[in-house]
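Since the structure comes first, as structure tokens, the remarks are kept for the end.
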Amino acid sequence: MTAMNHDPQNETGPRALEPVYEPWTRRSFLKGAAVGLAGAAGVAAALHPLLALEEGEVALADLLQKHYRQLTPEDLRRIMDSLEAQCEREHGVRPAIRDPRPLDGVEFGYALNLARCIGCRRCVEACRQENNPSRDDEDDIEMAYIRVLEMNQGAINLETSNVYYDAETVPREGKYYMPAQCHQCRQAPCTKVCPVRATWQEPDGLVVIDYNWCIGCRYCMAACPYDARRFNYRKPAIPPDAINPDQSYLSNRIRPKGVVDKCTFCLHRTRAGKYPACLEVCPTGARVFGNLRDPGSEIRYVLEHKRVYILKEEVGTAPRFYYFFDR
Amino acid sequence: MRDYLTFVARVARLSFRGGWPFYAWMGALTVLSLIGLNAWARQFVDGLQTTGMTNQVSWGAYIANFTFLVGVAAAAVMLVIPAYVYRKEHMHEVVLFGELMAIAVIVMCLLFVMVDLGRPDRFHHMIPPFGMFNWPGSILSWDVIVLNGYLLLNLHIAGYLLYCRYRQQKPARAFYIPFVFISIAWAVSIHTVTAFLYVGLAGRSYWHHPLVPSRFLASAFVAGPALLILTFQIVRRAMRYVIDDRPIFTLRMIMTVAMIINMFLLGCELFTEFYSPTQHAAAAQYLYFGLHGHRGLVPWIWTAIALDVAGLLLLVTPLSRRIPWLNVACVACFVGIWIEKGMGLIIPGFVPSPLGQVVEYLPTWNEAIVCMGIWAFGALLFSWMLHVAIPILDGSLRAEPGLASSTSQP
Chain A
2 MTAMNHDPQN ETGPRALEPV YEPWTRRSFL KGAAVGLAGA AGVAAALHPL
52 LALEEGEVAL ADLLQKHYRQ LTPEDLRRIM DSLEAQCERE HGVRPAIRDP
102 RPLDGVEFGY ALNLARCIGC RRCVEACRQE NNPSRDDEDD IEMAYIRVLE
152 MNQGAINLET SNVYYDAETV PREGKYYMPA QCHQCRQAPC TKVCPVRATW
202 QEPDGLVVID YNWCIGCRYC MAACPYDARR FNYRKPAIPP DAINPDQSYL
252 SNRIRPKGVV DKCTFCLHRT RAGKYPACLE VCPTGARVFG NLRDPGSEIR
302 YVLEHKRVYI LKEEVGTAPR FYYFFDR
Chain B
3 MRDYLTFVAR VARLSFRGGW PFYAWMGALT VLSLIGLNAW ARQFVDGLQT
53 TGMTNQVSWG AYIANFTFLV GVAAAAVMLV IPAYVYRKEH MHEVVLFGEL
103 MAIAVIVMCL LFVMVDLGRP DRFHHMIPPF GMFNWPGSIL SWDVIVLNGY
153 LLLNLHIAGY LLYCRYRQQK PARAFYIPFV FISIAWAVSI HTVTAFLYVG
203 LAGRSYWHHP LVPSRFLASA FVAGPALLIL TFQIVRRAMR YVIDDRPIFT
253 LRMIMTVAMI INMFLLGCEL FTEFYSPTQH AAAAQYLYFG LHGHRGLVPW
303 IWTAIALDVA GLLLLVTPLS RRIPWLNVAC VACFVGIWIE KGMGLIIPGF
353 VPSPLGQVVE YLPTWNEAIV CMGIWAFGAL LFSWMLHVAI PILDGSLRAE
403 PGLASSTSQP
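Chains A and B, in that order, give the protein sequences. Each residue of the first sequence is one higher than the last, beginning at 2 in my numbering. Each residue of the second sequence is one higher than the last, beginning at 3 in my numbering.
Written as structure tokens, this is what we have:
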């Protein structure tokens, strides 16, 4: 950084810079204005696709909305009303959006009997009817909360499993079936990594997401050891007659574009004393759901008397979703 | 204050002064940046379905470029340490270029994170008074802090030194030396924290590995100096600013040592993964040899390793004492590490998925255009900063142009 560095042939030497020191002339001002206009026109042209945004897709009210846990009940009701209206506008169906709260003394647990599951994927279908996920057609299971793995007999080896098997021909020789969904972990990696606390654990153990707060960074998806989270890469596509109008703010309402969603053990049902949709439909009775804090519950009986297997126990997530065997 | 406004006005006018090569270069970069902005606007409207990412591979080219560039930004410290800790006079002459590069590259990093968000309109949820910042729990919130902190530190140091230079005052040590030393530790922290983003995820065995941060730093201290060596030559040729060969050869030495460490750590990693291959080696298997017939990354990673090895061989032999060969080594190392640390680190973390699915990832055209736009914008920013900084450094642009530049050197 000494004067030696100055090259006499330098184009931007002192002489070349003289105009920079002079006061603005009309010419330099006009030149500046022309460059500025050209730049603004370029930016405007580049941003032209933004005109295709639907009305209300980026609304000031949404930008100013607070986190779910900071909302007063009145604010929340107002937001849910506007979500109902939005759904009616966009999908032609007006849902009833509620916000059922966790029940005192309840901690939900789920157990799945690997000896009974036949891989019919009816749980996947029931989940779809219940939870309003996006889909391309009736066979599209990409956004489903439950992935049923067809496993080779002889090991519990996820790597040789297949989720795209034909559910019409099950159970197949030499295979067994392992459905996987959100494990509602006690030490949930997803809630820990979220930079904006858009996902958290409720007092009844359910891990939920505020879809109106999620920024869509997908760090939780990278953190989840169970591949339980889905991202809305586009605005959800659902035929109007397939929409379940019984919705809740933290679970099955139609998600906005660009946010993460996941299984909530159907909290809009289970907090009202009903079973999750996947359990009700199961033809073999492989699924057991209940209150872990109730010593007389079926789930407690299973955990205390059956051979229980915890998927990826070594990762230390302490899930509330268990597998068991009874034969 | 008035002086400062005059300074800003002069810098603004200087920004538009140059010959036709300058206009052609800056014009081309502006056009490419705008094409990238256009692709991003399309992505904003249609959602991230315009990318090649899926539920299984939920991070792709954006996060890969981000990770690589954080390393390049951190490597500015490889000019700062020799200049300020070891007081090498010849490094003092170029240290500012490292800081300017760090600024441009950190801006690129922030842009790569922005374009990766599904809801960029909710970006303010990450800014404490408006949002709900999950600190200290989330490593991503740490990354936001360290990246922005590093940007501010470098803006302050480079801005202060340049403004003093412009006013032909001696910079007050208390105003920049403490920040220089903070920036040294901070540079290491930006890359370590970025590595911890991945290392902290116990469910992804390919990332959950204590060697990752060390390899991050080693490879960063190859790629960053490689870019600086190339920049110095462009500066002295295109901008006629004298930079002698000594800083270039100091950087060559740093690159050589860092590349040896990087390749050693790579060897350790390969040994661990393949000598006793466990189920956890599936991702490495996919990356290097393919898994169940899926071989998408295999040609890439072997290209990267070939470039790394070629670069290393050039660096350790006297061949790279000749500038053209050194340039070949720099390009080979830069591209090799870009592949290895970008796609080679991020994608295998998702393949196979935690439930064993093998879903391959390939960026879409729109995604690639957004990436190109950000690279072009970074180059535009860096070129602009050099275009303005060099006349200040060589004394052409100063507060009182009447005084001869040699009379009041600091």
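All C-beta atoms in this analysis are idealised placements derived from N, C-alpha and C, irrespective of residue type, glycine included.
Using a 10 angstroms sphere on the CB of L84 of chain A, the tally of other CB atoms reaches 16 or more, which defines it as buried. In the structure shown, the three-state DSSP call for M3 of chain B is coil. The beta carbon of L163 of chain B lies closer than 6 Å to those of P173 in the same chain, with the five residues before and after it left out. By the Cβ test, the region 75-91 of chain A is not in contact with the region 65-83 of chain B, since fewer than three Cβ pairs between them sit closer than 8 Å. For the 7 Å CB-CB criterion, W327 of chain B and L316 of chain B form a contact. According to DSSP, E151 of chain A shares a beta bridge with A:N163 and A:Y178. Interface flag for L65 of chain A against chain B is unset, since no Cβ pair is found closer than 7 Å. For F46 of chain B, the C-beta contacts it makes with chain A under 7 Å involve L51, in order along the chain. Within chain A, A47, L48, H49, P50 and L51 have C-beta atoms less than 8 Å from the C-beta of A43 of chain B, given in sequence order. Three or more beta-carbon pairs separated by less than 8 Å link the region 361-380 of chain B to the region 46-62 of chain B, which places the two stretches in contact. I376 of chain B and R308 of chain A have their C-alpha atoms spaced approximately 54 Å apart. Under DSSP, Y310 of chain A takes part in a beta bridge, and its partners are A:Y324.
The beta carbon of Y220 of chain A sits closer than 8 Å to the beta carbons of V194, C195 and P196 from its chain, once the five residues preceding and following it are set aside; these are given in chain order. Of all C-beta pairs linking the region 212-226 of chain A to the region 118-134 of chain B, three or more are shorter than 8 Å, placing the two stretches in contact. In its chain, beyond the 5 residues on either side, no residue has a beta carbon closer than 6 Å to the beta carbon of A86 of chain A. The alpha-carbon of L347 of chain B is positioned some 9 Å away from that of V214 of chain B. P226 of chain A places its beta carbon less than 7 Å from that of K313 of chain A. For D228 of chain A, the closest of B:G351, B:S385, B:D145 and B:P320 by C-alpha to C-alpha distance is B:G351.
Residues of chain B whose Cβ lies closer than 9 Å to the Cβ of F232 of chain A are, in chain order, L50, M55, T56, N57, S60 and G120. Cβ contact annotation for D145 of chain B (same chain, cutoff 7 Å, sequence separation greater than five): V195, T196 and L199, in chain order. Within chain B, not a single residue places a beta-carbon under 8 Å from that of P172 of chain A; the smallest gap is close to 19 Å. Here F132 of chain B carries a coil assignment [DSSP, helix/strand/coil]. Assignment of K275 of chain A by DSSP, reduced to helix, strand and coil, places it in the coil class. Taking 7 Å as the threshold, the shortest C-beta distance from L388 of chain B to chain A does not fall below it. Restricted to the region 83-156 of chain B, the alpha helix (DSSP H) segments that are unbroken, complete and at least 4 residues in length are 91-94 and 97-118, listed in chain order. Distance check between H294 of chain B and each of B:Q359, B:Q58, B:I108 and B:M110 places B:Q359 closest, using alpha-carbon atoms only. Between the alpha carbons of E169 of chain A and D295 of chain A lies a gap of roughly 38 Å. At least one CB atom of chain B sits nearer than 7 Å to the CB of I216 of chain A. The region 252-270 of chain B makes no contact with the region 185-193 of chain B: fewer than 3 CB pairs, one atom from each, lie closer than 8 Å. Excluding its 5 nearest sequence neighbours in each direction, A222 of chain B has C-beta neighbours in its own chain below 6 Å: G73, A76, A77 and H193, listed in chain order.
The beta carbon of N156 of chain B sits closer than 6 Å to the beta carbons of E101, A104 and I105 from its chain, once the five residues preceding and following it are set aside; these are given in chain order.
Around the beta carbon of P227 of chain B, 16 or more other beta carbons lie within 10 angstroms, which makes this residue buried.
Between E131 of chain A and N245 of chain A, the CB-CB gap stays under 7 Å.
Annotation: W25 of chain A is outside any alpha helix (DSSP H) and is labelled neither H nor E by DSSP. In the same chain as T161 of chain A, and ignoring 5 residues on each side of it, the C-beta atoms closer than 8 Å to its own belong to M152 and N153, in chain order.
T8 of chain B and V361 of chain B have their alpha carbons spaced roughly 57 Å apart.
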